[in-house]
Each structure stands twice: as structure tokens, then as C-alpha cells.
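Participant: Take a look at the following structure, please.
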Amino acid sequence: MFCFQCEQAAGCKACTGKAGVCGKTEDVALLQDDLTRELIGLAVAYDGKTPSKSAVKVMIEGLFTTVTNVSFDADAINKTIDAVKAEKAAVNPSVRLDCGTPGEPLKLWSVDEDIRSLKSLILLGLRGVAAYAYHALVLGYANDDVDAIFFTGLRAIARTDAGMNDLLPVVMEVGNVNLKCMEMLDKANTDTYGTPVPTTVPLTIEKGPFIVISGHDLYDLYQLLEQTKDKGINIYTHGEMLPAHAYPKLKAYPHLKGNFGTAWQNQQKEFDNLPAPVLFTTNCLMPPKDSYRDRVYTTEVVAYPGLVHIGDDKDFTPVIKKALELGGYKEDKAMTGINGGATVMTGFGHGTVLSVAGTVIDAVKAGAIKHFFLVGGCDGAKPGRNYYTEFVQKTPEDTVILTLACGKYRFNDLDLGTIGGLPRLMDMGQCNDAYSAIRVAVALAEAFGCGVNDLPLTLVLSWYEQKAVCILLTLLALGIKNIYLGPTLPAFVSPNVLNFLVENFNISPVSTPDEDLKKILK
Ligand code: FS2
Ligand code: SF4
Numbered sequence: 003m004f005c006f007q008c009e010q011a012a013g014c015k016a017c018t019g020k021a022g023v024c025g026k027t028e029d030v031a032l033l034q035d036d037l038t039r040e041l042i043g044l045a046v047a048y049d050g051k052t053p054s055k056s057a058v059k060v061m062i063e064g065l066f067t068t069v070t071n072v073s074f075d076a077d078a079i080n081k082t083i084d085a086v087k088a089e090k091a092a093v094n095p096s097v098r099l100d101c102g103t104p105g106e107p108l109k110l111w112s113v114d115e116d117i118r119s120l121k122s123l124i125l126l127g128l129r130g131v132a133a134y135a136y137h138a139l140v141l142g143y144a145n146d147d148v149d150a151i152f153f154t155g156l157r158a159i160a161r162t163d164a165g166m167n168d169l170l171p172v173v174m175e176v177g178n179v180n181l182k183c184m185e186m187l188d189k190a191n192t193d194t195y196g197t198p199v200p201t202t203v204p205l206t207i208e209k210g211p212f213i214v215i216s217g218h219d220l221y222d223l224y225q226l227l228e229q230t231k232d233k234g235i236n237i238y239t240h241g242e243m244l245p246a247h248a249y250p251k252l253k254a255y256p257h258l259k260g261n262f263g264t265a266w267q268n269q270q271k272e273f274d275n276l277p278a279p280v281l282f283t284t285n286c287l288m289p290p291k292d293s294y295r296d297r298v299y300t301t302e303v304v305a306y307p308g309l310v311h312i313g314d315d316k317d318f319t320p321v322i323k324k325a326l327e328l329g330g331y332k333e334d335k336a337m338t339g340i341n342g343g344a345t346v347m348t349g350f351g352h353g354t355v356l357s358v359a360g361t362v363i364d365a366v367k368a369g370a371i372k373h374f375f376l377v378g379g380c381d382g383a384k385p386g387r388n389y390y391t392e393f394v395q396k397t398p399e400d401t402v403i404l405t406l407a408c409g410k411y412r413f414n415d416l417d418l419g420t421i422g423g424l425p426r427l428m429d430m431g432q433c434n435d436a437y438s439a440i441r442v443a444v445a446l447a448e449a450f451g452c453g454v455n456d457l458p459l460t461l462v463l464s465w466y467e468q469k470a471v472c473i474l475l476t477l478l479a480l481g482i483k484n485i486y487l488g489p490t491l492p493a494f495v496s497p498n499v500l501n502f503l504v505e506n507f508n509i510s511p512v513s514t515p516d517e518d519l520k521k522i523l524k
């Protein structure tokens, strides 16, 4: 196998043995390469034609399936491969590709390192975009440009004659289209569930049966809330589901009680001895330990051999039965975040922040707010990730910290006080809510009559998987410079591509919180 798509790639290079650091086995990795080969074939089959709705759907599902910590299940991947083959046969059965042999690693992994790097940025970025497009699609939202980029992007990967100058514009186009995709998902979520409002979320688990729901899919949460109504079962969010508490139509369910646990990489410890089932609607699923394997359920494209999968009928009866059987805690169980806080806050999306734009602008003009930081992105297991906690703790009191995605669990239970009547730490939501951060940055730049790069704003980002890749591409496509990125740089960025990013966008790897803060605030 060969896989270097995430931040925990073995030795910061690639996972190449019998299994990846994430627990993905060699046979699954090779099947994911086969699936990718078929998806490239489907894209080539549609060259010059508009893809059908069913081809777009299978494309989105196929790409999402290969995101880190989504599918560990060979049977499920084989079914998706068959579906892609059927779509391809329906449009052009005679497509020939130079992508390597089925059952072997993709040929892409062994081409010239700069070409491999750019094609990887396209492919991995598209995997991230597909995850967002998937969540929008389940709510009935689609966009022609978003649908098209999966096909044009994969066709660029299929080209054996493409050089750096051909591929760089495609890389940027993936970033541009991802902005449209995140905007579409924002609209899907807010049209359906209302505009998020600031909300305090308890971390205490109340006594009695409960279900923990993880991942990014709000529609799954909604359906679970409906099916558990008046059944004496409480619902707790986990990981990227936390921001759901801020959406008025989800918040309205009295049995949506609070949040359980922290970021994904702590699940093997946190789910041990949990007297409740856990439902995964997206990544990040880790291989379950025997001690809690019988309590983990998957749905959508998430799959793990031996776990019960909830199919498209969304009948959560097995999860509900399990919750009643396990019974939950006998007494309320007080829990805390990583830093000992008993509650966390969320709900500071663009709707809320822009509604107080006047206050924010006045506070900047009066000198009360000196700098904004966006400290966001994915969490992960590496010890160097303490950087982000320390960074936030060390920011001066006249600065505001916006955050999003699961990296926030490192510091979201800290009480950093208020500034100009607003909390200093504001959670904008999931990783896809990077859209909110962009909206706020653009609005501030307009208010101050300057460019986004001239604002007293610094992005300090953490990455782990492929959604972080597409978000980074969006920021670059918007021309946003001076980003700090960690905890390590992606293995798929070759030295020449890195030089390009440094020269054109001044991307810096994170160093120490003290050094970086000194540089930023000088
Ligand atoms: Fe965190 Fe995992 Fe949001 Fe990522 S829960 S690393 O999927 O997409 O963020
Ligand atoms: Fe390794 Fe990450 Fe690939 Fe898993 S997804 S095999 S950890 S590079």
C-alpha cells in the first residue's frame, strides 16, 4: 500500500506497510486506490458531457469514502466500485486509462514528485469537497460548478502530459469551487435548521439512557432526535457534531442535552466503559476496541467490518434499543473539557458575528481589540498539538480568537473573558464553517476599506485530513497570505511546491507559540 493523505502518515512520509497509522489495512488501501481509478475513469468517460445526477452522486460518495477515518470496510468499498463501474459502462464502456493495474497502488503515487504533489493536492482536495457536497446533497442542495469540479479535476489527474503550469490552475480551481461548496452547505444547514445562535453546551451527562452522535451530518442528528422523541433517551453530540446545539430547530429538542468527550483521537479512551451507544455519521472513526465494539454504529459512507451499519432507510432502532439496554449512568455524571471547564460555547457563525459587526468595528477603532486570530482546524494525536492550547492561552487580552472544527477541543473549555461585550473565544462551528470565518474577514476588510491581508488577522491552522486540504486551497485561491500551518507540513507537498507556496503565499510552519506570537504582533 501507499498512502500519504493525512497528517499522521508514517514517518511524516507515507504509510506503506500492511496497515496505515489510522488502522486502514493494506487490502482496504488498495481497494481505495481501485475505487479512485474507477472514479477517474468515470470522469474521463464524461469528457465533453454533463454528468448525470446518478453519476454525480456516485462520484461524491466514492470520493468521500476514501477520506481518512471514514471507511475501513472492503465489502462496502467493493459495492461502491461496482456502482461506479455501472455508471461508467452506461456512458462510455470503452474508456482506457493509464492509471496502473487494479489491485496495485495507483500509478499516480510513483510519478515525478512535483506532478505527484500537484495531482495529490487536486485529488485530496476533491475528497474533502465531496464530503461537504454529500452533506448538502442529503438536504437537497446541489450546485453545477461543484458537481463539475469532481469530473474536471479527476480528468486533470488522468492526463499524463500535464505539467506544473497545467495543474496549478486546477489546484486553485478546486479551492475556488470549495468556497461555493461550503457556501452551499452553509445555506443548506441554515435554511433547514435556522441561523446558529450563541449557545452554552453542558458537558455533564444526565442520568438515564443516552446516545452519543459523532460526525458532521446534521440531517442524521435531526432524524435521530425525531426517532428518540419522548422515549426517555437523551442525545449528546461528540466531535464535529458539537456546533449542532446552536441551530434553533435542533436546539428546540429538549433531549439534545450536551456534548460528550473531546476530539476524535481520544475516542478509544473515552468510549471505553461508556454505558451508551455511539453513532458515527462521518469521520473520524478509529478502529473500535473490543471493550466497546458492540456499541458503535455507522451510517452513510462510514463503515467498519463487523459494526452495525444503519442504511439509507435511517431506521435507528438498533441504536435506540442499545441505549435502553445499556441504561446510561445511574446518577448525573459531571464531566469536563481538557482544561477542566464544565461547559463550552458554540454558535458564533457569520450570522451572529456580522449582526454585531458594528460593535466589533468600534472596538477595533477604539483600540480595545488589537488583533484577531483564527485558531482552527483538525485535531490529531501528535504531542506537538499542544502548540494550539498554549498559543490560545498566551494571546494578549486585547485579542479575539475565532475557532472552528475539532482542533478547538484543545482550548474551547477555557474561560478567556470578554472584550467589547463579546466573548474573546468564539466557536464558529465545524470545519466547513470556515465559510463563516471567510465571510467575517471579507466584511471586516470592507468596513476598514482594506484587503483581507491588511487586516489585523492571522490564521493559525491545524490540519489532519483532506477537508483541511480543500479549505487551505480555498484560502490560497482567495489570495490569503501569511498562514501558519501545523503541526507538520503535508508529506504530499514536494519541496518545489512548498517553495511556490512560501513565495506566493508566505505560508509558515508553526514554530513555538512565543516565537510565532512575537512575529505576528510585532
Ligand atoms: Fe476533525 Fe475529523 Fe471536520 Fe476533520 S473530526 S479531523 O473530520 O473534518 O475536522
Ligand atoms: Fe496513513 Fe493517513 Fe493514509 Fe491512514 S489515511 S494510511 S494514517 S496516510
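Each residue of the sequence shown is one higher than the one before, counting from 3 in full-length UniProt numbering. Glycine residues also receive a C-beta, built at the ideal position from the N, C-alpha and C atoms.
Compare the beta carbon distance of LEU170 and LEU128 with 9 Å and say whether it is the shorter of the two.
Facilitator: One-based indexing of the sequence shown puts residue 170 at position 168. One-based indexing of the sequence shown puts residue 128 at position 126. No.
Participant: Do the CB positions of TYR249 and ASN178 come within less than 9 Å of each other?
Facilitator: Here the question's residue 249 lines up with position 247 in the sequence shown. Here the question's residue 178 lines up with position 176 in the sequence shown. Taking 9 Å as the Cβ cut-off, TYR249 and ASN178 do not qualify as a contacting pair.
Participant: Measuring CB to CB, does LEU446 end up less than 9 Å from PHE502?
Facilitator: Indexing the sequence shown from 1 puts residue 446 at position 444. Indexing the sequence shown from 1 puts residue 502 at position 500. No, the pair does not count as a contact, with Cβ atoms beyond the cut-off.
Participant: Rounded to whole angstroms, what's the CA-CA distance from ILE215 to LEU244? Just pull it up for me.
Facilitator: The residue given as residue 215 occupies position 213 in the sequence shown. The residue given as residue 244 occupies position 242 in the sequence shown. Distance between the alpha carbons of ILE215 and LEU244 is about 9 Å.
Participant: Quick one, which of ASP35, VAL97 and GLU106 has its alpha-carbon nearest LEU125's?
Facilitator: As a working note, residue 125 is residue 123 in the sequence shown. Checking every option, the nearest Cα to that of LEU125 belongs to ASP35.
Participant: Can you check DSSP and say which residues form a bridge with ILE159?
Facilitator: If you number the sequence shown from 1, residue 159 lands on position 157. According to DSSP, ILE159 bridges with nothing at all.
Participant: Measure from the alpha carbon of GLY105 to the alpha carbon of each residue in VAL173, GLU40 and VAL304, then state which is nearest.
Facilitator: Position 103 of the sequence shown, counted from the first residue, corresponds to residue 105. Out of VAL173, GLU40 and VAL304, GLU40 has the C-alpha closest to the C-alpha of GLY105.
Participant: For CYS286 versus TYR411, is the C-beta distance shorter than 9 Å?
Facilitator: Here residue 286 is taken as the residue at index 284 of the sequence shown, counted from 1. Here residue 411 is taken as the residue at index 409 of the sequence shown, counted from 1. Contact flag unset, no.
Participant: Just to confirm, is the Cβ distance from LYS15 to GLU28 under 9 Å?
Facilitator: Here residue 15 refers to the residue found at position 13 when the sequence shown is read from its first residue. Here residue 28 refers to the residue found at position 26 when the sequence shown is read from its first residue. Taking 9 Å as the Cβ cut-off, LYS15 and GLU28 do not qualify as a contacting pair.
Participant: Can you tell me which residues form a DSSP beta bridge with SER73?
Facilitator: Residue mapping note: residue 73 aligns to position 71 of the sequence shown, counting from 1. ALA305, per the DSSP bridge assignment.
Participant: Once you ignore the five residues that flank ALA45 on each side, which residues in its own chain have a CB closer than 6 Å to its CB?
Facilitator: Numbered from its first residue, the sequence shown carries residue 45 at position 43. Taken in chain order, the residues that qualify are PHE153, LEU156 and ARG157.
Participant: Decide if GLU302 is buried, meaning its Cβ has at least 16 other Cβ atoms within 10 Å, or exposed.
Facilitator: Locating residue 302 in the sequence shown gives position 300, where the first residue counts as 1. Under this definition GLU302 is a buried residue.
Participant: Considering only residues of the segment 269-338, which uninterrupted beta strand (DSSP E) runs meet the minimum length of 3 residues and lie entirely inside it, listed in chain order?
Facilitator: As far as the segment 269-338 is concerned, its whole beta strand (DSSP E) runs of at least 3 residues are 280-282, 298-301 and 310-312.
Participant: Please indicate yes or no: does the CB of PHE6 lie closer than 8 Å to some heavy atom of ligand 2?
Facilitator: The residue you call residue 6 lines up with position 4 of the sequence shown. PHE6: yes, Cβ under 8 Å from ligand 2.
Participant: What runs of the beta strand (DSSP E), each 3 residues or longer, lie entirely inside the segment 158-231?
Facilitator: As far as the segment 158-231 is concerned, its whole beta strand (DSSP E) runs of at least 3 residues are 201-204 and 212-216.
Participant: So, for LYS233: in the same chain, excluding its five sequence neighbours on each side, which residues have a beta-carbon less than 7 Å away from its beta-carbon?
Facilitator: As a first step, residue 233 is located in the sequence shown; it is residue number 231 there, counting from the start. Closer than 7 Å at the Cβ level, and outside the excluded window around LYS233, lie ILE322.
Participant: Verify the contact flag: MET288, CB atom, against every heavy atom of ligand 2, threshold strictly below 8 Å.
Facilitator: If you number the sequence shown from 1, residue 288 lands on position 286. It does not: the Cβ of MET288 is nowhere closer than 8 Å to a heavy atom of ligand 2.
Participant: Comparing the CB of GLU302 with every heavy atom of ligand 1, is any distance shorter than 8 Å?
Facilitator: Position 300 of the sequence shown holds residue 302. Outside the cutoff, so no.
Participant: Looking at HIS257 and ligand 1, is the gap between the Cβ and the nearest heavy atom below 8 Å?
Facilitator: Walking along the sequence shown from the start, residue 257 turns up at place 255. Checking the Cβ of HIS257 against ligand 1 gives no.
Participant: Report all residues from its chain with a CB closer than 8 Å to the CB of LEU32; omit the five preceding and five following residues, and keep chain order.
Facilitator: Along the sequence shown, read from residue 1 onward, the residue named residue 32 stands at position 30. Taken in chain order, the residues that qualify are MET3, GLY105, GLU106 and PRO107.
Participant: Beta-carbon within less than 8 Å of GLY165's beta-carbon, same chain only, minus the 5 sequence neighbours each way: which residues are those?
Facilitator: Locating residue 165 in the sequence shown gives position 163, counting from the first residue. Counting only Cβ-Cβ distances below 8 Å, and skipping sequence neighbours, we find ILE117.
Participant: Just how far apart, CA to CA, sit ASN180 and ILE473?
Facilitator: What you label residue 180 is simply residue 178 of the sequence shown in a count that begins at 1. What you label residue 473 is simply residue 471 of the sequence shown in a count that begins at 1. Cα to Cα, ASN180 sits roughly 7 Å from ILE473.
Participant: Out of THR319, GLY379, GLY330 and GLU185, which one is the CA nearest neighbour of GLN229?
Facilitator: Numbered from 1 along the sequence shown, position 227 holds the residue referred to as residue 229. Checking every option, the nearest Cα to that of GLN229 belongs to THR319.
Participant: Should ALA11 be listed as close to ligand 2, given that the test is whether its C-beta is under 8 Å from any heavy atom?
Facilitator: As a working mapping, residue 11 is identified with position 9 in the sequence shown. Yes - ligand 2 has a heavy atom lying nearer than 8 Å to the Cβ of ALA11.
Participant: Within 8 Å: the Cβ of ALA470 and any heavy atom of ligand 1?
Facilitator: Along the sequence shown, read from residue 1 onward, the residue named residue 470 stands at position 468. Answer for ALA470: yes, Cβ within range of ligand 1.
Participant: If we ignore side chains and look at the alpha-carbon of each, how far apart do SER510 and GLY488 end up?
Facilitator: Position 508 of the sequence shown, counted from the start, is the residue given in the question as residue 510. Position 486 of the sequence shown, counted from the start, is the residue given in the question as residue 488. In a straight line, the C-alpha of SER510 is about 9 Å away from that of GLY488.
Participant: In its own chain, which residues sit with a C-beta less than 6 Å from the C-beta of ALA479, not counting the 5 before and 5 after it?
Facilitator: Indexing the sequence shown from 1 puts residue 479 at position 477. Cβ within range, chain order: MET174, GLY177 and ASN178.
Participant: Measuring only from the beta carbon, is CYS24 closer than 8 Å to any heavy atom that is part of ligand 1?
Facilitator: By one-based count along the sequence shown, residue 24 stands at place 22. CYS24 Cβ: outside cutoff for every heavy atom of ligand 1.
Participant: Would you call the segment 335-352 in contact with the segment 200-212, where contact means no fewer than 3 C-beta pairs closer than 8 Å?
Facilitator: Flag = yes, the segment 335-352 and the segment 200-212 touch.
Participant: Do LEU477 and ALA436 count as a contact pair if the criterion is CB distance below 9 Å?
Facilitator: By one-based count along the sequence shown, residue 436 stands at place 434. By one-based count along the sequence shown, residue 477 stands at place 475. The answer is yes: Cβ separation under 9 Å.
Participant: Per DSSP, TYR48 forms a beta bridge with which residues?
Facilitator: As a first step, residue 48 must be located in the sequence shown, where it is residue number 46. DSSP, once it has assigned bridges, lists no residue as partnering TYR48.
Participant: Which runs of the beta strand (DSSP E) spanning at least 3 residues fall entirely within the segment 383-447, listed in chain order?
Facilitator: DSSP runs (the beta strand (DSSP E)) wholly in the segment 383-447: 401-405 and 427-429.
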